[in-house]
Amino acid sequence: MTNVEKISSDFIRIIINEDLKTNKYNGRVYTRFPPEPNGYLHIGHAKSICLNFGIAEEYNGKCNLRFDDTNPIKEGEEYVKSIIDDVRWLGFDWEDRLFFASDYFSKMYSYAVDLIKAGKAYVDDQNAYEISYNRGTVNKPGKNSPYRDRSVEENLELFESMKNDEFKDGEKVLRAKIDNSHPNMNMRDPVIYRILHAIHHRTKDKWCIYPMYDWAHGIEDSIEKITHSICTLEFENHRPLYDWFLKELNIYRPQQIEFARLNLTYTVMSKRMLLELVNNDIVNGWDDPRLPTIKGMKRRGFSPSSIRDFCRRIGIAKVNSNIPIEFLEYCVREDLNKTAPRFMGILNPLKITIENYSNDLIEYMDVINNPEDPNSGIRKVPFSKSIYIEQDDFMENPIKKFYRLSPGGEVRLVNAYFLKCNDVIKEDDIVKELICTIDHDTKGGNSPDGRKVKSTIHWVSLKNAINADVRLYSRLFTIENPSGKKGQDYKEFLNPNSLKILKNCKIEPAVSKLKKFDRFQFLRKGYFCIDPDTTDKNLVINQTVELRDRWLKIKKKGEPS
RNA sequence: GGCCCCGUAGUGUAGCGGUUAGCAUAAGAGACUCUGGAUCUCUUGGCGCCAGUUCGAAUCUGGCCGGGGCUGCCA
110 MTNVEKISSD
120 FIRIIINEDL
130 KTNKYNGRVY
140 TRFPPEPNGY
150 LHIGHAKSIC
160 LNFGIAEEYN
170 GKCNLRFDDT
180 NPIKEGEEYV
190 KSIIDDVRWL
200 GFDWEDRLFF
210 ASDYFSKMYS
220 YAVDLIKAGK
230 AYVDDQNAYE
240 ISYNRGTVNK
250 PGKNSPYRDR
260 SVEENLELFE
270 SMKNDEFKDG
280 EKVLRAKIDN
290 SHPNMNMRDP
300 VIYRILHAIH
310 HRTKDKWCIY
320 PMYDWAHGIE
330 DSIEKITHSI
340 CTLEFENHRP
350 LYDWFLKELN
360 IYRPQQIEFA
370 RLNLTYTVMS
380 KRMLLELVNN
390 DIVNGWDDPR
400 LPTIKGMKRR
410 GFSPSSIRDF
420 CRRIGIAKVN
430 SNIPIEFLEY
440 CVREDLNKTA
450 PRFMGILNPL
460 KITIENYSND
470 LIEYMDVINN
480 PEDPNSGIRK
490 VPFSKSIYIE
500 QDDFMENPIK
510 KFYRLSPGGE
520 VRLVNAYFLK
530 CNDVIKEDDI
540 VKELICTIDH
550 DTKGGNSPDG
560 RKVKSTIHWV
570 SLKNAINADV
580 RLYSRLFTIE
590 NPSGKKGQDY
600 KEFLNPNSLK
610 ILKNCKIEPA
620 VSKLKKFDRF
630 QFLRKGYFCI
640 DPDTTDKNLV
650 INQTVELRDR
660 WLKIKKKGEP
670 S
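In this note's numbering, each residue carries its 1-based index in the first sequence increased by 109.
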């Protein structure tokens, strides 16, 4: 533990450092990531995953992957699989430590029996409404249940009957006997077992009673000898209960620590809302690239390392915060800039005919795959008489500070020639084609006479271009905090233009060799990846994020505001 | 009217009684550039408020103000 001092310290690591110093857990650091398999993982879970697995790694400890599957009504195998997949994709390894709360159901049952024997739990016949009503409110103490003083024997018998399928759902519950006037609502005789005749995805019909979170979670942590049980802020008020159970049971007690969950601007992070977007076909499934789900982000083109970097940079604290989504975008660009090969693709094509170029000639230009990565090598890109450039890269009447192509103006075609525009062909006042010439002496991109050109644009040879659908994504919502407007449904703020599909984009041939999910940069346009919808006949490309665009700012400044 | 947690540049964080209050991002200016990308340089900008303790407070104490959470047989 010599390098402990060097680890940057958020408040959790400070606690761990202190525990190490006082030898609280004999030098062990043991965490867990405990998802409930009732939904797909999102970037908020990634924060927790990076925290728990990251801490284990830094302190030479271990981190378990444990499914908190105590509610068969909402949970299922589909979610288990996707979660396992996602945690692995993010780059973490739980080795042989994949656990399920349901593995501990027998143990939890016998602990409940112990609690009854100790006179600390009882079977309550009140229905859900009565229990809730008698619990009181935050400023009104609750009333004891008329069944609270049953004998230990009767409780034992009834609890066993509950387990043995002798009652209907909701007919009885097991409650801890604590204090119905406790200022902390969680301590007012919380329910610890309920009757649920549901098929559990792992234990099938073995049980008809299921433990509640508060009862289950501490026991799971205790069984696994977790040292630091890290959870989100809303469980702060549950900590006294967590501690109470383990103390009454007289078993190993980990320390629960709460941190603030992640919020991102222009999106929603609640499982309920994500589920609703998916089920109502507002988005196209859990892996829709507009979603902040791990599957969506993977499909959008985010790399695992960019997500990990993001989680590291945002830090850990107890204040609720709302991270600008631009920060996430910064992190992908940062990663992809160094790792993504560059290709040329024309999203909105404008045809150019080069008058002074041979009709049938095709030249192959040497192009560096990634100028940021010296090991990335070079490739050959075909050039010919007819090429496409981006519509945006031409202005018939250029505004000031527009350095790209305009009539009479000259630009560089990246890695090819200087190009000059001589004539504009229009139909109905719309620019259809440009007639241009190249300077043959500038092959490769430099002029022997030292002549400079203010702009360099990208291009694709018409003859060699392959077509693709390019899907452009922007924020799913139109306001920063769609779920935070009181009295208004978050769906009112959906962005109708969050998905834009461009057909017949013109792409350089090398892109056809890429595999699904491969990430790359379209030169000057942004980062993209191959969508899994791609077939032999149809190339589908997703935009991850645009490049930083200074031109946008310059243009805006030029406009009267 | 109860209980718990939290307030450091626009945003996210570091600081643990003595610092020119650090870092990142955003914003602004400039340099460089075969991506208006990347890179580099500079600038602007912060301790919620009021007392107290102390030679000395962002840091300790108290009060106030502000924000969040808690009244499922969800997790």
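Glycine is no exception: its CB is placed at the ideal position from the N, C-alpha and C atoms.
- Query: Of the choices Ile416, Val387, Leu581, whose alpha-carbon is the least far from that of Leu456?
  - Reply: Leu581
- Query: Can the beta-carbon of Pro99 be found closer than 7 Å to that of Asp178?
  - Reply: The chain is shown from 110 up to 670; residue 99 falls before or after that span and cannot be answered.
- DSSP three-state call for Met474: helix, strand or coil? In the structure shown, Met474 sits in a strand (DSSP, three-state: E or B).
- What's the gap between the Cα of Arg657 and the Cα of Val441? 12 Å
- Query: Which whole-angstrom value describes the C-beta separation of Leu224 and Leu342, a residue pair presumed to lie in contact below a C-beta threshold of 8 Å?
  - Reply: Rounded, the Cβ-Cβ distance is 28 Å, inconsistent with contact.
- Taking only runs that begin and end inside the region 547-626, name each unbroken beta strand (DSSP E) of 3 or more residues, in chain order. 575-582, 608-616
- Message: Tell me whether the region 609-619 and the region 420-432 touch, counting them as touching only if at least three CB pairs, one residue from each stretch, are closer than 8 Å.
- Response: no
- Message: Taking the beta strand (DSSP E) that Thr643 belongs to, which residues open and close that run?
- Response: Looking at the DSSP string, Thr643 is not in any beta strand (DSSP E), and its letter there is neither H nor E.
- Task: Report the residue from Glu435, Ser485, Tyr256 whose alpha carbon sits nearest the alpha carbon of Ser583.
- Result: Glu435
- Message: Please state whether the Cβ-Cβ distance between Ile69 and Lys272 is less than 7 Å.
- Response: Since the first residue shown for the chain is 110 and the last is 670, residue 69 is missing from the structure and cannot be characterised.
- Task: Determine the burial state of Asn248: buried for a count of at least 16 other Cβ atoms within 10 Å of its Cβ, exposed for fewer.
- Result: exposed
- Message: For Asn393 and Leu661, what's the separation of their Cα atoms in angstroms?
- Response: 31 Å
- Message: Taking a contact to mean a Cβ-Cβ separation below 7 Å, would you say Phe142 touches Ile158 in this structure?
- Response: yes
- Query: To the nearest whole angstrom, what separates the beta carbons of Ala230 and Ala237, a pair I think is in contact under 8 Å?
  - Reply: Actually they are not in contact, since the Cβ atoms of Ala230 and Ala237 sit about 18 Å apart, beyond 8 Å.
- Query: When you compare only the Cα positions, how much space is there between Tyr636 and Ile508?
  - Reply: Cα to Cα, the separation comes out at about 28 Å.
- Where Thr374 and Ala155 are concerned, what is the direct C-alpha to C-alpha distance, given to the nearest angstrom? 16 Å
- Top-ranked residue by Cα proximity to Arg52, from Glu438, Cys614, Tyr526: The structure shown does not extend to residue 52, since the chain spans only 110 to 670, so no value can be given for it.
- Query: Would you report the Cα separation of Leu608 and Asn573, rounded to the nearest angstrom?
  - Reply: 28 Å
- Task: Return the chain-ordered list of same chain residues with a C-beta closer than 6 Å to the C-beta of Ile164, the five sequence neighbours on each side being excluded.
- Result: Thr140
- Task: Answer with buried or exposed for Gly593, where buried requires no fewer than 16 other C-beta atoms within 10 angstroms of its C-beta.
- Result: exposed
- Query: With distances taken between CB atoms, is the gap from Lys552 to Tyr526 smaller than 7 Å?
  - Reply: Contact: yes.
- Beta-carbon proximity check, Gly673 vs Arg628, cutoff 7 Å: Past the boundaries of the shown model lies residue 673; the chain is included only from 110 to 670, so the question cannot be answered.
- Message: If I measure Cβ to Cβ from Val523 and keep anything under 6 Å in the same chain, skipping five residues before and after, which residues do I get?
- Response: Thr565, His567, listed in sequence order.
- Item | Endpoints, the beta strand (DSSP E) within which Val232 is located | 230-233
- Query: Can you name the start and end residues of the beta strand (DSSP E) that His337 belongs to?
  - Reply: 337-341
- Alpha carbon to alpha carbon, what distance is there between Lys183 and Ile416? 28 Å
- Query: Skipping 5 residues on each side, what residues in its chain have a beta carbon closer than 6 Å to that of Asp640?
  - Reply: Val649, Asn651
- Item | Short Cβ contact (7 Å threshold) for Tyr473 with Pro458 | For the 7 Å CB-CB criterion, Tyr473 and Pro458 do not form a contact.
- Item | Whole-Å CB distance - Ser570 paired with Ser467, under 8 Å assumed | With 8 Å as the limit, Ser570 and Ser467 do not qualify as a contact, their Cβ atoms being about 13 Å apart.
- Can you check whether the CB of Ser331 is closer than 7 Å to the CB of Ile287? no
- Query: Is Ile124 helix, strand or coil when you go by DSSP?
  - Reply: Of the three classes helix, strand and coil, the one that applies to Ile124 here is helix, per DSSP.
- Query: Candidates Arg311, Tyr188, Thr246: which alpha carbon is nearest Met296's?
  - Reply: It is Thr246 whose Cα lies nearest to the Cα of Met296.
- Under the three-state reduction of DSSP, which class applies to Phe631: helix, strand or coil? In the structure shown, Phe631 sits in a strand (DSSP, three-state: E or B).
- Measure the alpha-carbon distance for Gly279 versus Arg303 and round it to whole angstroms. 7 Å
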